[in-house]
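Novice: For the sequence shown, numbering that gives the first Met the number 0 begins at 0 and goes up steadily by one.
Ideal Cβ positions, reconstructed from N, Cα and C, are used throughout, including at glycine.
Just so you know, these numbers come straight off a predicted model, no measurement behind them.
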Amino acid sequence: MSAGIPTAIAAIRLGLQTLRDHALADTADHQDLAEVLAALYDDHHDRRDDSVLSLLAALITDLGIRIGDQIDEDIAETVDEAAGYVQDAAGGRLERARALLTAQEDLA
Numbered sequence: 000m001s002a003g004i005p006t007a008i009a010a011i012r013l014g015l016q017t018l019r020d021h022a023l024a025d026t027a028d029h030q031d032l033a034e035v036l037a038a039l040y041d042d043h044h045d046r047r048d049d050s051v052l053s054l055l056a057a058l059i060t061d062l063g064i065r066i067g068d069q070i071d072e073d074i075a076e077t078v079d080e081a082a083g084y085v086q087d088a089a090g091g092r093l094e095r096a097r098a099l100l101t102a103q104e105d106l107a
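(1) Does the segment 76-95 come close enough to the segment 17-29 that 3 or more CB-CB pairs lie under 8 Å?
(2) Find out if the Cβ-Cβ distance for the pair residue 100, residue 29 is shorter than 9 Å.
(3) So, is residue 13 buried or exposed, given that buried needs 16 or more other C-beta atoms within 10 angstroms?
(4) Are the CB atoms of residue 93 and residue 52 nearer to each other than 9 Å?
(5) Leaving aside the five residues before and after residue 9 along the sequence, list all residues of the same chain whose C-beta is less than 7 Å from its C-beta, in chain order.
(6) Is residue 59 helix, strand or coil when you go by DSSP?
(7) Helix, strand or coil, according to DSSP, for residue 50 in the structure here?
(8) Let me know if residue 95 comes out buried or exposed under the rule of 16 or more other beta-carbons within 10 Å of its beta-carbon.
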């Protein structure tokens, strides 16, 4: 494994721990939870490309393209499907949860 990969994983782990700490703090409220959900995935076009899941889906997509160009198109298609699941299935569900959470906050 390349030396840079463990460093990248450590940075990701630290960032995710920061999000976790923010969302699960004793004083966390609806807004804090909604902010973390939005950081994971926000369907607003001006923020979508910076969300965690969008960045992950973009990386997976790029890997699929490289695999398709250099190795095997069938494997690339499988990887591309995985990117779609991250972006569409997981992202869409998180976006719905964020909207519901925000709506509950508005009722309170």
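Specialist: Here's the rundown:
(1) With contact defined as three or more Cβ pairs closer than 8 Å, the segment 17-29 and the segment 76-95 are not in contact.
(2) Your numbering for residue 100 matches position 101 in the sequence shown. Your numbering for residue 29 matches position 30 in the sequence shown. Yes, the Cβ-Cβ distance between residue 100 and residue 29 is below 9 Å.
(3) The residue you call residue 13 lines up with position 14 of the sequence shown. Looking at its Cβ environment, which holds fewer than 16 other Cβ atoms inside 10 Å, residue 13 is exposed.
(4) Translated into the one-based positions of the sequence shown, residue 93 becomes position 94. Translated into the one-based positions of the sequence shown, residue 52 becomes position 53. Between residue 93 and residue 52, the gap from beta carbon to beta carbon is short of 9 Å.
(5) By 1-based counting over the sequence shown, the position of residue 9 is 10. Correct list: empty, nothing qualifies.
(6) Counting from one through the sequence shown, the residue named residue 59 turns up at place 60. Note: residue 59 maps to helix in three-state DSSP.
(7) As a working mapping, residue 50 is identified with position 51 in the sequence shown. The three-state reading of DSSP puts residue 50 in coil, since its state is none of H, G, I, E or B.
(8) What you label residue 95 is simply residue 96 of the sequence shown in a count that begins at 1. Residue 95 sits exposed, since fewer than 16 C-beta atoms from the chains shown fall within 10 Å of its C-beta.
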